[in-house]
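**Q** Here it is: the structure, laid out below.
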Ligand SMILES: CC(C)(COP(=O)(O)OP(=O)(O)OC[C@H]1O[C@@H](n2cnc3c(N)ncnc32)[C@H](O)[C@@H]1OP(=O)(O)O)[C@@H](O)C(=O)NCCC(=O)NCCS
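In the working numbering, the protein residues as written are 594 to 777.
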């Protein structure tokens with residue numbers, strides 16, 4: 594699929610934070626309606642997420658990549674990644690967040706962002722990459738399609754509820770870079 598080539602993928606900066614926060618809030622609502630409570634989704638705010646991600650952007654080793662729609666120049670998707678949180682060896686980097694606006698999904702942007710993430714993390718010495726995904730996320734096949742394997746489950750608290758989440762691991766980051774690049 595070539596559509597994503599029209600979209601620029603570049604590092605995200607502080608100037609992008611408000612658009613990143615908008616993508617996050619809108620995409621949570623379009624993806625997790627019915628899975629998470631209306632109260633929780635309705636209570637999410639762009640301002641709060643912009644502040645949260647501004648803080649995260651300042652953490653050493655944490656990076657953002659954004660996908661830019663070429664006509665209006667808007668951020669329509671982003672990836673956020675860096676050193677692992679929790680008890681994970683430091684050469685296994687973590688993809689903390691990956692969100693693409695609903696109207697731009699299934700056009701190859703997610704693949705392009707994961708590939709660019711893998712290239713960046715490999716450059717920082719990572720040998721593997723993983724992501725926590727809500728067990729009820731309807732898009733889990735995306736990770737499997739890109740060669741990740743479910744390796745662990747845990748629970749995450751969101752609002753006053755707790756949900757199962759699944760860790761998807763790309764054990765060999767080099768293979769991910771090759772796979773996302775269209776090679777076997
Ligand atoms: C999941 C997400 C990141 C995938 O990005 P995307 O740009 O839509 O995916 P791509 O177009 O790169 O798809 C890559 C492959 O995965 C497949 N795929 C993507 N979403 C899928 C789904 N929900 N079910 C089955 N296959 C899926 C595509 O069909 C494609 O397969 P192909 O190579 O055979 O054509 C994006 O759809 C998204 O942000 N969704 C909502 C939020 C979300 O779930 N984020 C992840 C949170 S952890």
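C-beta atoms are modelled at their ideal positions from N, C-alpha and C, and glycine is treated no differently. Since this is a predicted model, take the numbers as computed values, not measurements.
1. Measure the alpha-carbon distance for residue 627 versus residue 732 and round it to whole angstroms.
2. My output table needs one value for residue 678: the three-state DSSP class, helix, strand or coil.
3. Can residue 726 be considered in contact with ligand 1, in the sense that its beta carbon sits closer than 7 Å to one or more heavy atoms?
4. Mark residue 701 as exposed unless 16 or more other C-beta atoms lie within 10 angstroms of its C-beta, in which case mark it buried.
5. My parser needs the beta strand (DSSP E) runs of 3 or more residues fully inside the segment 714-747; what are they?
6. Mind checking whether residue 660 and residue 688 have CB atoms under 8 Å apart?
7. Could you tell me the distance, in whole angstroms, from the CA atom of residue 719 to the CA atom of residue 679?
**A** A quick look at the data gives this:
1. Position 34 of the chain shown holds residue 627. Position 139 of the chain shown holds residue 732. Answer to the nearest angstrom: the Cα atoms are 14 Å apart.
2. Residue 678 sits at position 85 when you count from the first residue of the chain shown. Note: residue 678 maps to coil in three-state DSSP.
3. Position 133 of the chain shown, counting from 1, holds the residue named residue 726. Within the cutoff, so yes.
4. Counting from one through the chain shown, the residue named residue 701 turns up at place 108. Under this definition residue 701 is a buried residue.
5. Fully enclosed beta strand (DSSP E) runs of 3 or longer: 721-727.
6. Position 67 of the chain shown, counting from 1, holds the residue named residue 660. Position 95 of the chain shown, counting from 1, holds the residue named residue 688. Not a contact, by the Cβ cut-off of 8 Å.
7. Residue 719 sits at position 126 when you count from the first residue of the chain shown. Residue 679 sits at position 86 when you count from the first residue of the chain shown. Those two C-alpha atoms are separated by around 16 Å.
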